[in-house]
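Residue numbers (the working numbering): 181 to 705.
Even for Gly, the Cβ is constructed at its ideal location relative to N, Cα and C.
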C-alpha cells in the first residue's frame, strides 16, 4: 500500500509539473527567460514561504512544497543531462584547444578567489579552517544556470561563452580537493591532509581514465547493436544508461555527477549517433533542468531576506563584485577583450549550488555557527537567482566596450556545432549520396541522416557527414539544425515515410523549402 511519504513526493512532483506547464508558455509569450520564473516559483512555493505557512493553514499544503530534499536527486539529473548535451556539442579535439583556458584561467580564478575570500572571512570571527572552506565554496559558480543561460541565448560558441565554460569545467574538477578539505579540516579529524588529498585525486583520475578508455572501446559497438534493433525505446534506454552510468561513476569517486555526464557526451560526440542521442535526451533535459531551478529557488529563505534585506543584499552584491573584480583582469590577461572579460566576470560572479554542500559540511564539523551558515546560504541562493539578470546586463555591457586588441586566436575556433547547416538530407542511400555529392560540388554545408545503422556506418567509412536517427522525430530534426537550414531534401524510398517526414517538417517550419522524392505522379500531387 502506498505510504504517506510516497504520496507527498507525488504531490510535490505534480506541483512542479503544473508550474512548468503554466510558466513555460507565459514566459515564452512575454519573451522572458524561464530560469527566472522557475527560481521565483521555487522561492514562493518552497518550504521557506508557502510551505512554512502550511502548518497554520493546511489548505496551502496542496499548492506548496514542504521539503526540497524529495526533489533534490531528480533535480541533479537535470544538471547531468545538461552537461551531457554540452559534451555532445563539443569534441575531444576542440576541448584540447581550450586546455589553456580550463587549467590556466579556471585554475587561477579558483585559487585567487579562495585566497581573497579566505583572508576576509576571519575578520568576521571565522576560524582559519572555516575561512578556507568558505572561500573555496564561494569561489565556484553554478554550471547549470550559466551554461543553460548561454545555451538559451546561443552564446556558448562566443568568445565569452567558451571562456566561461572553460572556467566552469575547471571548477567541476576542483570539487574533489574541496570535498576532501571539507572532510579533514574539522576539529575531530586528525588525518594527513596531503595523503588523503592524493588518494582522492588518484581515485578520481582512475575513474576518469576508465570512463574515457572504456567509452572509446565500447560506445560505438553498443549503439551500433542497439540501432540495428531499430527500436526507439532501446535507443533511449542505452542513452540513459551511458549518461547516468558515467555520472554515477564520477560521483562515486568524489567528482560531480555533472562531470561524468559531460565526459559521456564528449565521447559520443565523436560517433555517428550524436544527433540521434541529442534528439532523445532533449525532452528529459528541459524538464529536469526546470526541476533543478525550482529546487534552487526553494533554498531562498524569503522570510530571512524580508527580515534583514539590506544585510543579505549587501553581502550578495559584495560577493558578486569581488569575484568579478578578480576574474575580469584575469580574463583580459588570457587574451579576451574587455567586453568579453566583463561578460565572463558578471556571469561567473554569482555563487553555485556546490556551496550548499560545503556549508552544510562546515556546520556538521562545527566550524561555523548555524546563524552564520543561514546568512551564507541566503547569500548564495540570492546570487544564483541573479545570474539571468546579470547575463542580460553583461551582454549589453559587452556591446559598449570595443575590443582594443585582437582576441586570442584559440578562442576563435569553430563553434561546437561546426559550420552552420544549410541543407538536411534525409536518407543516406544511393539517391541521398548523389544529392550529397552535388551539394559538395557547390560548397553547400549539409548533413545526411538515416535510420539504418548499416547505411550510416558505410557512409561514415566513405567520409560522409551522416548521422543515425529517425527524421520523423521533431527533436532529432532540431538537433540536425532544421531551425536554421534553408532546405530539407527527402530522398528515402517509402512514400508513407516521406509523407510522415513532410508533416513533421511542416509543424516545425512553415517557411523551409522541402524537396521530396516522389514515387509516381499521384504521390507527387
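request  = With DSSP collapsed to three states, give me the class of residue 622.
outcome  = When DSSP states are grouped into helix, strand and coil, residue 622 belongs to the coil group.
message = Does residue 693 come out as helix, strand or coil in the three-state DSSP assignment?
response = The answer is strand: DSSP assigns residue 693 an E or B state.
request  = Just the C-alpha distance for residue 307 and residue 510, rounded to the nearest angstrom, thanks.
outcome  = Straight-line Cα distance between these residues: approximately 29 Å.
ask   = Which one or two residues does DSSP pair with residue 667 in a beta bridge?
value = Assignment of beta-bridge partners to residue 667 by DSSP yields 603, 693.
ask   = Can the beta-carbon of residue 560 be found closer than 9 Å to that of residue 318?
value = A contact, by the Cβ cut-off of 9 Å.
query = Should residue 466 be flagged as near chain D, meaning a C-beta pair shorter than 9 Å?
reply = Note that chain D does not occur in the displayed structure, where there is just one protein chain.
query = Per DSSP, what kind of secondary structure is residue 596 in: helix, strand or coil?
reply = Here residue 596 scores only 39 on pLDDT, less than 50, and its place in the model should not be relied on; the value that follows carries that caveat. Residue 596 falls in the coil class under three-state DSSP.
key: Span separating the alpha-carbon of residue 181 from that of residue 192   = Only weak support is given to the placement of residue 181: the predicted model assigns it a pLDDT of 44, under 50, and the question is left unresolved by the model.
Best match in 385, 300, 244 for proximity to residue 477 [C-alpha to C-alpha] = It is 244.
task = Mind the definition here: the stretch 277–287 touches the stretch 458–465 only if three or more C-beta pairs lie below 8 Å; say whether that holds.
result = The stretch 277–287, when compared against the stretch 458–465, does not touch it at the 8 Å Cβ threshold.
ask   = In terms of alpha-carbon separation, which member of 287, 468, 674 lies closest to residue 256?
value = Between residue 256 and the set 287, 468, 674, the nearest pair of CA atoms involves 468.
Selection from 400, 606, 557 that minimises the alpha carbon distance to residue 496 = Of 400, 606, 557, the residue nearest in Cα terms is 557.
For residue 348 and residue 505, the rounded distance between their alpha carbons = Between the alpha carbons of residue 505 and residue 348 lies a distance of about 17 Å.
query = Would you call the stretch 328–346 and the stretch 544–555 touching, i.e. three or more CB-CB distances under 8 Å?
reply = By the Cβ test, the stretch 328–346 is not in contact with the stretch 544–555, since fewer than three Cβ pairs between them sit closer than 8 Å.
message = Between the alpha carbons of residue 336 and residue 575, how many angstroms are there, rounded?
response = Cα to Cα, residue 336 sits roughly 13 Å from residue 575.
query = Relative to the C-alpha of residue 530, which residue among 435, 501, 194 is closest?
reply = Selected option, being the one with the closest Cα: 501.
query = Any idea which residues DSSP pairs residue 627 with across the strands?
reply = Paired residue(s): 604.
message = Going by DSSP, what residue range makes up the beta strand (DSSP E) through residue 647?
response = Taken as a continuous stretch (DSSP letters only), the beta strand (DSSP E) holding residue 647 covers 646–648.
message = Going by DSSP in three states, residue 354 sits in which element: helix, strand or coil?
response = Residue state, collapsed to three classes: coil.
query = Are at least three pairs of beta-carbons, each pair with one atom in the stretch 624–639 and one in the stretch 429–449, less than 8 Å apart?
reply = Output reads no: the stretch 429–449 does not touch the stretch 624–639.
request  = Within the same chain, show all residues whose beta-carbon is closer than 6 Å to that of residue 409, passing over the 5 residues directly before and after it, in chain order.
outcome  = Excluding residues within five positions, none has a Cβ falling inside 6 Å.
message = Assuming the contact rule is C-beta atoms closer than 8 Å, residue 447 and residue 392 should be a hit. Round their C-beta distance to whole Å, please.
response = The Cβ separation is near 7 Å, so the contact holds.
query = What residue range is occupied by the uninterrupted alpha helix (DSSP H) comprising residue 632?
reply = Premise fails: residue 632 is in no alpha helix (DSSP H) and is neither H nor E.
message = Let's see if you can read the secondary structure: which residues bound the alpha helix (DSSP H) around residue 495?
response = Element bounds for residue 495: 489–513.
ask   = According to the neighbour-count rule (16 or more other Cβ atoms, all chains shown, within 10 Å of its Cβ), is residue 712 buried or exposed?
value = Residue numbering for the chain in the displayed model covers 181 to 705; residue 712 lies beyond these limits and cannot be assessed.
key: Backbone secondary structure at residue 183 - three-state DSSP   = Reliability of the predicted coordinates at residue 183 is poor, the pLDDT of 49 falling under 50, and the value obtained from them is presented with this limitation in mind. Here residue 183 sits in coil by DSSP.
inquiry  = If you reduce the DSSP assignment to three classes, tell me which class residue 209 lands in.
reply    = DSSP places residue 209 in helix when its eight states are reduced to three.
message = Considering just the uninterrupted stretch of the alpha helix (DSSP H) at residue 553, what are its terminal residues?
response = 550–565 is the span of the alpha helix (DSSP H), which, as asked, contains residue 553.
ask   = Measuring CB to CB, does residue 322 end up less than 9 Å from residue 533?
value = Contact flag set, yes.
key: Three-pair Cβ contact test at 8 Å for the stretch 430–439 versus the stretch 381–389   = For the pair of segments examined, the stretch 430–439 was found to touch the stretch 381–389: the number of CB pairs separated by less than 8 Å reaches three.
query = Which value, in whole angstroms, describes the spacing of the CA atoms of residue 606 and residue 659?
reply = Each residue's Cα considered, the two are about 13 Å apart.
task = On a CA-only basis, which of 316, 493, 686 is nearest residue 535? Give me that one, please.
result = When each option's Cα is compared against that of residue 535, the closest is 316.
query = Buried or exposed: residue 485, going by 16 or more other Cβ atoms within 10 Å of its Cβ?
reply = In this structure residue 485 is buried. Its beta-carbon is surrounded by 16 or more other beta-carbon atoms within 10 angstroms.
ask   = Residues in its own chain within less than 6 Å of residue 611 by CB, not counting five upstream and five downstream?
value = Only residues of its own chain outside the window of five on either side were considered, and among them 671 have a CB closer than 6 Å to the CB of residue 611, listed in chain order.
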